[in-house]
């Protein structure tokens, strides 16, 4: 983990948030390369979930959440962790993370009794802080999908089974953020709510578990580093009939990468019931749009039904950490030399191609290199970087370390003889001389060879 954290800061992947002021615990900022890697992972998920399917629609809902939504979803009552205080050093810990009932900070066993600690962030809405006008920062992206269920059904007319996908920020006031970006207070989720007919939920649950395993493999995660954990009944979330966690061997140990839950009809049923009761209690006129049941019609039987839902939910930040851990390697080159490589799948690499001029101050070479960069950038493959460090060997090593699949070197032969360039492969370190006219085709073929997951 220390090696990954060091590389992440040194090469501009991930920084401690507010670092110049001592940082903010459980908060991280994605740097120039980190934001590209993160966006590429999210794009791969969106392609797999939405673009490559005919039965899923997308959504991007608000972060601020009406407290009634989270009351009736059960989060206000159940979204808690057991908290203990150490009387000796005054530190606080999650009770379920303690070993031998001792403080990890000072070793004392003089701890308070566990008490529930609500994980949701509150914020004031409007100019007057009178305690009544507040909202929560959403602790998950799922609830907005459920409250928008009727809007999506009415606007897209889907048939069961179908899904609604969303990528977005979520916030949890973790007692003890830890292990770099694994457990943080502000994070992103990639969630799909896939609605199915009651009675077909178990087979769809099993199918989505296999789908998600395959997808992670396509992102470069070794299947041997993954395990399935069938959550016992006494550990299930309040909404879950069954949950299977995809566990990954992170640098700090085997922990959850993604959860696939069978939420049955808990959420749609609860919101259907409680929003009607809310209107009665609030003495407001019934709203035809909000008072409708969150149901869908079975076209065969003509019956209205509350569908069951299967929820694959993955953390973007945990995904980035897993991808970086899988990609990281140190290779022995012989003669006491080594190179560090981030062997990202091409579609995830932050920089797709680096264009390097042999001479940084030679006008002809520099001009040609910039023209090549611009022509490759227009292909829409991702970020193409022009870099004029002047030292090709060091440039190759630097781009090995940040995971750039291809480096293109422009030299005197390019501009004076045959309009060819040298293309260097990150993984094999092989170099090939090709005409500039064929460069775009080669780059497209290489970056799409293992394609997008």
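In the numbering used here, the protein residues as written are 14 to 466.
Glycine residues also receive a C-beta, built at the ideal position from the N, C-alpha and C atoms.
As the structure is a prediction and not an experimental result, all values here were calculated from the model.
TODO: Along the beta strand (DSSP E) that carries residue 69, what are the first and last residues, could you check?
DONE: Here residue 69 refers to the residue found at position 56 when the chain shown is read from its first residue. 69-71 is the extent of the beta strand (DSSP E) around residue 69.
TODO: Could you check if residue 418 is buried or exposed, using at least 16 other CB atoms within 10 Å of its CB as the buried criterion?
DONE: Numbered from its first residue, the chain shown carries residue 418 at position 405. Around the beta-carbon of residue 418, 16 or more other beta-carbon atoms lie within 10 Å, marking it buried.
TODO: Just grab the DSSP bridge partners of residue 483 for me.
DONE: Here the chain has residues from 14 to 466 only, and residue 483 is not among them.
Task: residue 126 (DSSP reduced to helix, strand or coil) - done: For the purposes of this step, residue 126 is identified with residue 113 of the chain shown, where counting begins at 1. Coil.
- [ ] Report the residue from 283, 169, 389, 252 whose alpha carbon sits nearest the alpha carbon of residue 67.
- [x] Residue numbering aside, residue 67 sits at position 54 when the chain shown is read from its first letter. Among 283, 169, 389, 252, the Cα nearest to that of residue 67 belongs to 169.
TODO: Look at the Cβ atom of residue 203, then the Cβ atom of residue 86, and state whether they are nearer than 9 angstroms.
DONE: Along the chain shown, one-based indexing puts residue 203 at 190. Along the chain shown, one-based indexing puts residue 86 at 73. Not a contact, by the Cβ cut-off of 9 angstroms.
Open item on the list: Which complete alpha helix (DSSP H) runs does the segment 309-382 hold, if anything under 4 residues is left out?
Closed with: Counting only runs of 4 or more, we get 329-340.
TODO: With DSSP as the reference, please indicate the residues paired to residue 444 in a beta bridge.
DONE: Numbered from 1 along the chain shown, position 431 holds the residue referred to as residue 444. DSSP lists 437 as partners of residue 444.
Task: Closest by C-alpha distance to residue 439, when choosing among 264, 161, 65, 456 - done: Numbered from 1 along the chain shown, position 426 holds the residue referred to as residue 439. The shortest Cα separation from residue 439 among 264, 161, 65, 456 belongs to 456.
Open item on the list: Looking at the secondary structure, which residues open and close the beta strand (DSSP E) in which residue 42 lies?
Closed with: On the chain shown, residue 42 is found 29 positions in, with the first residue counted as 1. Looking at the DSSP string, the run of the beta strand (DSSP E) that includes residue 42 is 41-43.
- [ ] Specify whether the segment 331-351 and the segment 229-245 touch according to this definition: at least 3 beta carbon pairs, one from each stretch, less than 8 angstroms apart.
- [x] They touch, by the three-pair rule.
- [ ] Determine the extent of the beta strand (DSSP E) in which residue 243 is found, giving its start and end residues.
- [x] On the chain shown, residue 243 is found 230 positions in, with the first residue counted as 1. Boundaries of the beta strand (DSSP E) around residue 243: 239-243.
Open item on the list: According to DSSP, simplified to helix, strand and coil, what is residue 258?
Closed with: What you label residue 258 is simply residue 245 of the chain shown in a count that begins at 1. In the structure shown, residue 258 sits in a strand (DSSP, three-state: E or B).
Open item on the list: Let me check one thing: in DSSP terms, what residues is residue 181 bridge-paired to?
Closed with: Taking the chain shown and counting its residues from 1, the one referred to as residue 181 is at position 168. DSSP links residue 181 through a beta bridge to 202.
TODO: Closer than 6 angstroms by C-beta to residue 116: which residues in its own chain qualify, once you throw out the five before and the five after it? Chain order, please.
DONE: Position 103 of the chain shown holds residue 116. 99, listed in sequence order.
Open item on the list: Using a Cβ-based criterion (distance less than 8 angstroms to any ligand heavy atom), does residue 319 qualify as near the ligand SAM?
Closed with: Of the ligands one can find in the structure shown there are none, so the ligand SAM has no counterpart to examine.
- [ ] Starting from the C-beta of residue 386, find all residues in its chain whose C-beta is less than 6 angstroms away, skip the five residues before and the five after it, and write them out in chain order.
- [x] As a first step, residue 386 must be located in the chain shown, where it is residue number 373. The residues are 368, 397, 399.
Task: For residue 337, the nearest candidate out of 201, 416, 266, 315 (CA to CA) - done: Here residue 337 refers to the residue found at position 324 of the chain shown. The shortest C-alpha to C-alpha distance from residue 337 to any of 201, 416, 266, 315 is the one to 416.
TODO: Please classify residue 53: does DSSP put it in a helix, a strand, or coil?
DONE: Counting from one through the chain shown, the residue named residue 53 turns up at place 40. When DSSP states are grouped into helix, strand and coil, residue 53 belongs to the helix group.
Open item on the list: If distances are taken between C-alpha atoms only, which option among 236, 339, 370 comes closest to residue 405?
Closed with: As a working note, residue 405 is residue 392 in the chain shown. Shortest Cα-Cα distance from residue 405 to any of 236, 339, 370 involves 370.
- [ ] Evaluate contact between the segment 148-161 and the segment 173-192, counting only Cβ atoms and requiring at least three cross-stretch pairs below 8 angstroms.
- [x] With the cut-off at 8 angstroms, the segment 148-161 and the segment 173-192 touch.
- [ ] Would you mind stating whether residue 80 and residue 129 have Cβ atoms separated by less than 9 angstroms?
- [x] Locating residue 80 in the chain shown gives position 67, counting from the first residue. Locating residue 129 in the chain shown gives position 116, counting from the first residue. No, Cβ-Cβ distance for residue 80 and residue 129 is not below 9 angstroms.
- [ ] Can you grab the Cα-Cα spacing for the pair residue 388 / residue 207, in whole Å?
- [x] To locate residue 388, count along the chain shown from 1; it is residue 375. To locate residue 207, count along the chain shown from 1; it is residue 194. Our two residues, residue 388 and residue 207, have alpha carbons roughly 41 angstroms apart in a direct line.
- [ ] Find out if the Cβ-Cβ distance for the pair residue 258, residue 322 is shorter than 9 angstroms.
- [x] One-based indexing of the chain shown puts residue 258 at position 245. One-based indexing of the chain shown puts residue 322 at position 309. In this structure, residue 322 does not lie closer than 9 angstroms to residue 258 by Cβ.
Open item on the list: Among the candidates 430, 285, 390, whose CA atom is the shortest distance from the CA of residue 162?
Closed with: In the chain shown, the residue the question calls residue 162 occupies position 149. Comparing alpha carbon positions, the residue from 430, 285, 390 closest to residue 162 is 285.
Task: Nearest-angstrom Cβ-Cβ length linking residue 263 and residue 357, presumed shorter than 8 angstroms - done: As a working note, residue 263 is residue 250 in the chain shown. As a working note, residue 357 is residue 344 in the chain shown. That pair is no contact at about 17 angstroms.
- [ ] Could you check the C-alpha separation between residue 176 and residue 34 for me, to the nearest Å?
- [x] Within the chain shown, residue 176 is the residue found at index 163, counting from 1. Within the chain shown, residue 34 is the residue found at index 21, counting from 1. Distance between the alpha carbons of residue 176 and residue 34 is about 43 angstroms.
- [ ] Name the two residues that bound the continuous alpha helix (DSSP H) containing residue 158.
- [x] Here residue 158 is taken as the residue at index 145 of the chain shown, counted from 1. From DSSP, the alpha helix (DSSP H) with residue 158 extends over 155-160.
Open item on the list: I'd like to know if the segment 205-225 and the segment 337-350 are in contact, where contact means that at least 3 CB-CB pairs between them fall below 8 angstroms.
Closed with: Contact annotation: the segment 205-225 does not touch the segment 337-350, with fewer than three C-beta pairs closer than 8 angstroms.
- [ ] Can you tell me the Cβ-Cβ gap for residue 365 and residue 395, rounded? I've got them flagged as a contact below 8 angstroms.
- [x] What you label residue 365 is simply residue 352 of the chain shown in a count that begins at 1. What you label residue 395 is simply residue 382 of the chain shown in a count that begins at 1. A Cβ-Cβ separation of about 4 angstroms places residue 365 in contact with residue 395 under the 8 angstroms criterion.
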